Structure formats: structure tokens, C-alpha cells
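J.: Got a structure for you, questions after.
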Amino acid sequence: MRAVVLEEYGEPLSVRDVTVPTADPDGVVVETEACGVCRSDWHAWQGHGDWVDDRVPLGQILGHEPVGVVREVGDEVDTLAVGDRVVVPFNLADGTCPACRRGRANYCEGATALGFGPDAPGAFAESFPVPRADVNAVPLPDGVSSVAAASLGCRFVTAFEALDAVADVGDGDRVVVVGCGGVGLSAVQVASALGGTVVAVDVRDDPLSMAAEMGAAETVNADDAADVPTRVAELVGGADVSVDALGSAETCRTAVDSLASGGTHVQVGLTGDDDRGEIPLPMDAVVQRGISVRGSRGMPPARYDDLFRLIASGCVDPEALVSATVALSDVPDRLAAMSEFDTVGVEVVTEFS
277 MRAVVLEEYG EPLSVRDVTV PTADPDGVVV ETEACGVCRS DWHAWQGHGD WVDDRVPLGQ
337 ILGHEPVGVV REVGDEVDTL AVGDRVVVPF NLADGTCPAC RRGRANYCEG ATALGFGPDA
397 PGAFAESFPV PRADVNAVPL PDGVSSVAAA SLGCRFVTAF EALDAVADVG DGDRVVVVGC
457 GGVGLSAVQV ASALGGTVVA VDVRDDPLSM AAEMGAAETV NADDAADVPT RVAELVGGAD
517 VSVDALGSAE TCRTAVDSLA SGGTHVQVGL TGDDDRGEIP LPMDAVVQRG ISVRGSRGMP
577 PARYDDLFRL IASGCVDPEA LVSATVALSD VPDRLAAMSE FDTVGVEVVT EFS
């Protein structure tokens, strides 16, 4: 079968034939219907993450935002059958550790990461294996398209978990989202659906226009504003919740400085080579103003039903974030475009043969 393989960091990715996977006793094999193209794939391709011992190994099949149809089922799997449509979170939990038992499987101590580790080949491929499938393969409700499910990926679920579970956004909360890529636009839509008044910040007009379509009440082009936090204060009086959806010293500091007293900052963007996991923050101001700083990564599989209900209600539409559908052979070029921030919205692979 064909797959996108990381052979050298930062060099053109290979689309080549690889061995068809087989199911472990507790796993399934899923035929891929769609898979989102995410900036986390770009980080993997660039070789980022070595500063936290999280660099993706060479030879890895990438892709971590999939939906597909179960084609093979291991003998120990109880909840799935051939023909089931499933969405698979990127954080593949073991289901047994203390975090999993507390309902926080997105922080599983024994987790593997789909498309990021040698024991978890990714979904930029015609099919992919899912270990511990009773925990990690989530049945997809009727009425949710493959493209919509793939756009949930890590971006939409990350935004939903960060804003709903971590920041507890509700009616009237003022939310500033800094960085309007896929996860940022997801955060705009989710925060608006939860009742927040959203200010979206970016340096590009096209993503800001899309943010307005997703529900942002105000947009700020950081290149045009003399001082973004001051502008946020002028627009909404400061934010109750801020999100850095990119992951740089500038975007994180902008988000934190945009908070009103007592506000909560949620970091979802990962850093790159410039910051290498270390971002200085004004800790005296954090103390004096009662600011909370939180991190958020992914979402427990058990919470997908909450998100599916929100989709069914019409309050959110993840497919509205999709700007293009592409072929597997296009993935190397689409990731390369992210180096220049030359993408808008979410792109989804739908052709694999």
C-alpha cells in the first residue's frame, strides 16, 4: 500500500509502497477514508521535539487525524466489527494507567502517539493499525461525514477540550485566540458555540476573515495593531480566557498579556526551533493579577460523545473549517506550504490509491 514516510528531517517526504498492516489481538486495522493535514505533522517532518525527547523517528509513517472503516479485527476486541466507521484520536491510550482511570486518557502514562512513534504507524496511508481498539477507536455517528470527522483530528478536539473542560468557557466569557491556523480557527468556532465573545488575532487577513466566519466578534491583525493586548482591552475590556494556538514566545506572551485580572491562559500550540520548548512569562504579573496558566493536549476518547452531540445540535460545524481536499501524493507539498504559513483553514486527504 502507499504511505507518506519521513526519511530525512526537513527534506521532501517520500510517498512510497509499504507493508500492509495486520491487527494485533487487541487491535484493528482501519482502511483510511480521510486524514487531516496538521501543523503537528509539519513539526514531525522538521524534526522538532528533541528538547522534550519527543522527536519523531526516521522511517515513520505520518498522519494522525484519521477516519475510516474497520477492515480487520483482533480476537480480543469486544466493541468493534468489520465495517464499523471509526474516528481515532492521536493519543493512543493503554486504558489502564492512573490517568486513564481518572478519565484523562489524553495524558496516559503508557500512551503511544498515532503517526509519531515506531509502534504507531500513521494514517497518511491506505490503511493503519489501531492498538487497544476498544479504548482508542471511537464509533462515528451516522450523519458525520468523513471529511468532517477528519477535520476533528487533533485540532478540533484539542480546542474543544481546552475551552470546554480546561477553561470552562461559558456565556459572556471574553476569549482571545492568538494564531488562526487550524487549531486557532477551531478554537474560535468552539468558544463562540460555548457562548464566548471571541477576539481572533493573526498577522494574515485571510485567516482573520475565516475567523469572522467561524464566529469571531472582533479580529485584530497583529501587524497593523500598535499593541495587541491594548487593542483587545479596547475591544472587550481584556480577556477572561486566552489561547495561544501557534506556540511561539511572541504569540504566547501576546495571549497572556491580553488577559484581564483573574483570567486563564491555555497553551495548545507547540514550540519550534526558535523557542525549543522554553517561553519566558511575566510571573510577577501572573501572581499580582491572579492569572492561571494551563496546558492542554488532545481529548479523552470518552468525551467524543459530548462533541458529537454539539455537532448534531448544529452549534459547531467542523467541516466548515475545511478549505481543501487533497490526494495522498499532495501531502509533501501541503506540509511544505506550512513552512511559509501558506495555508488557510484545514486541508484533508481524501484520495489514497
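Heads up: the sequence shown is residues 277 to 629, going by the working numbering.
For glycine and all other residues, C-beta sits at the position ideal for the given N, C-alpha and C.
In this text, all values refer to a predicted model and were calculated from it rather than measured experimentally.
Mind reading off the beta-carbon distance from T547 to V517? Whole number of angstroms is fine, and I expect it under 8 Å.
T.: With a Cβ gap of about 21 Å, T547 and V517 do not count as contacting.
J.: Starting from the Cα of R315, find the closest Cα among L611, A467, V423 and S629 and give me that residue.
T.: L611
J.: If I'm right that I337 touches V364 with Cβ under 8 Å, what's the distance once you round it to whole angstroms?
T.: Contact flag wrong, Cβ pair sits at about 14 Å.
J.: How long is the line joining the alpha carbons of A531 and D520, rounded to whole angstroms?
T.: 6 Å
J.: Taking buried to mean at least 16 other C-beta atoms within 10 Å of its own C-beta, is L439 buried or exposed?
T.: Residue burial is scored here from C-beta neighbours: L439 has at least 16 other C-beta atoms within 10 angstroms and is therefore classed as buried.
J.: According to the neighbour-count rule (16 or more other Cβ atoms, all chains shown, within 10 Å of its Cβ), is G455 buried or exposed?
T.: Taking all protein chains in view, the Cβ of G455 is crowded by 16 or more other Cβ atoms within 10 Å, so the residue is classified as buried.
J.: If you draw a straight line from the C-alpha of L356 to the C-alpha of R278, how long is it?
T.: 25 Å
J.: Which of helix, strand or coil does DSSP assign to P301?
T.: In the structure shown, P301 sits in coil (DSSP, three-state: anything other than H, G, I, E or B).
J.: Considering only their Cβ atoms, is the gap separating P577 from A381 smaller than 7 Å?
T.: Closer than 7 Å, so yes.
J.: Measure the C-alpha to C-alpha separation of R529 and D360 and round it to an integer number of angstroms.
T.: 44 Å
J.: Report the residue ranges of all alpha helix (DSSP H) runs contained in full by the segment 371 to 450; include only those spanning at least 4 residues, in chain order.
T.: Given a length threshold of 4 residues, each whole run of the alpha helix (DSSP H) inside the segment 371 to 450 is given here in chain order: 374 to 377, 409 to 412, 422 to 427 and 433 to 436.
J.: With DSSP collapsed to three states, give me the class of D551.
T.: coil
J.: By how many angstroms is the C-alpha of I567 removed from the C-alpha of A469?
T.: 24 Å
J.: Looking only at its own chain, which residues have a Cβ that is under 8 Å from the Cβ of V602, when we skip the five neighbours before and after it?
T.: V313, R610, E623, V624, V625, T626 and E627
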